[in-house]
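Working notes, beginning with the structure itself.
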Amino acid sequence: MQVSRAEGIVTITLDRPAKKNAMNGVMWDELLATFREIAASADDRAVVITGAAGEFCSGADLTGGGAQQHQLAAMRHVGDVALALHKLPQPTIAKVRGVAVGAGCNLALGCDLVVAGETARFSEIFATRGLSVDFGGSWVLPRRVGLHRAKELAFFADIIDAAEAERMGLVNRVLPDDDLDAFVHDWATRLAGGPPIALALTKRLLNNSLQVTMEQALDDEGMAQTVNFGTKDTPEAIMAFVEKRAPRFEGR
């Protein structure tokens, strides 16, 4: 796995091209450590997750070869990675070329935004391996496409091309592969230049939206705005509007 940083953007590249970037034990460990490091960093403002050699991720590597561990303990570790991604305060973008199947599909869907190239293919492939969905798929998939469509994808484990994924609401955008890098870089740059505290609070409000009442949501919004008005970023945004210039957000 490769991690690079530039101008507030962290790019995580899954890098096992011989296995189409299938996740093994080492990669789960690295991904969890990286997510925790990013969550604690004030300098990291946006995250892009992608894969090497024209593929996103072919899921978990089921061929073995790692340290022996009880299956439930192993799955709890995988769950820790999914939860760490979900709880990242920074906005996340999945940049998907090629296959995104199994845990790789749910790694993409677990990001806040999913941008796919025309070559992208998605599948909740678990049933063909005699498995049920994991890496948060049972939680995130119905929230993306609705319960009955989620069941269709999980039961039949069909491979969905990029155009169908966009039609179903699995992805935010589909672009020619040659345009993918520039588009995602633009989105990530805009996110990195945004107000970090306000975006983190918005992310939390939206993530919690299906689990709270309208009354609770309004209370939570009020608390979030109270926090925002206590930062330097909100007065800076107001002053920038008055002065007709771009705001400079510092996240404090």
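The sequence shown lines up with residues 36 to 287 when you count with this note's numbering.
Note that the Cβ used here is the ideal one computed from N, Cα and C, for glycine as well.
Bear in mind that the values here come from a model prediction, so they are computed numbers and not experimental data.
In this chain, the beta strand (DSSP E) harbouring Q37 covers Q37 to A41. CA-CA distance, D79 to T237, rounds to 17 Å. If you check the CB distance, A95 and T48 do not come in under 8 Å. Every unbroken stretch of the beta strand (DSSP E) spanning 3 or more residues and falling wholly within the region 131-209 is given here in chain order: 134-136, 148-152 and 156-158.
The continuous beta strand (DSSP E) containing A81 extends over residues A81 to G86.
Between V150 and R202, the gap from beta carbon to beta carbon reaches 8 Å or more. In this structure, the straight-line span from the alpha carbon of D221 to that of H105 is close to 43 Å. Unbroken alpha helix (DSSP H) runs of no fewer than 4 residues, entirely contained in the region 205-257, are found at 212-227 and 231-242, following chain order. Collapsing the DSSP output to three states places L66 in a helix. In the structure shown, the three-state DSSP call for T266 is coil. In the structure shown, T261 falls within a helical segment according to DSSP collapsed to helix, strand and coil. In this structure, the CA atom of L182 is about 37 Å from the CA atom of S39.
In the three-state reduction of the DSSP assignment, L97 falls in the coil class. Within the DSSP secondary-structure output, L123 pairs in no beta bridge. Per DSSP, reduced to three states, the secondary structure at A281 is coil, with no helix or strand assignment. Inclusion of M110 and D64 in the CB contact set at 8 Å is not warranted, their separation being larger than that value. About 7 Å separates the beta carbons of G286 and D268, which is inside the 8 Å limit, making them a contact pair. In the three-state DSSP reduction, A77 falls in the coil class, being neither helix nor strand. Assignment of A57 by DSSP, reduced to helix, strand and coil, places it in the coil class. V113 places its beta carbon 8 Å or farther from that of G145. When DSSP reads this structure, L49 sits in a beta bridge with G86.
It is roughly 12 Å from the alpha-carbon of F284 to the alpha-carbon of G43. Its Cα nearest to that of V131, the residue A155 stands out among A155, N59, N56 and A53. Under the DSSP definition of a beta bridge, I128 partners with V83 and L148.
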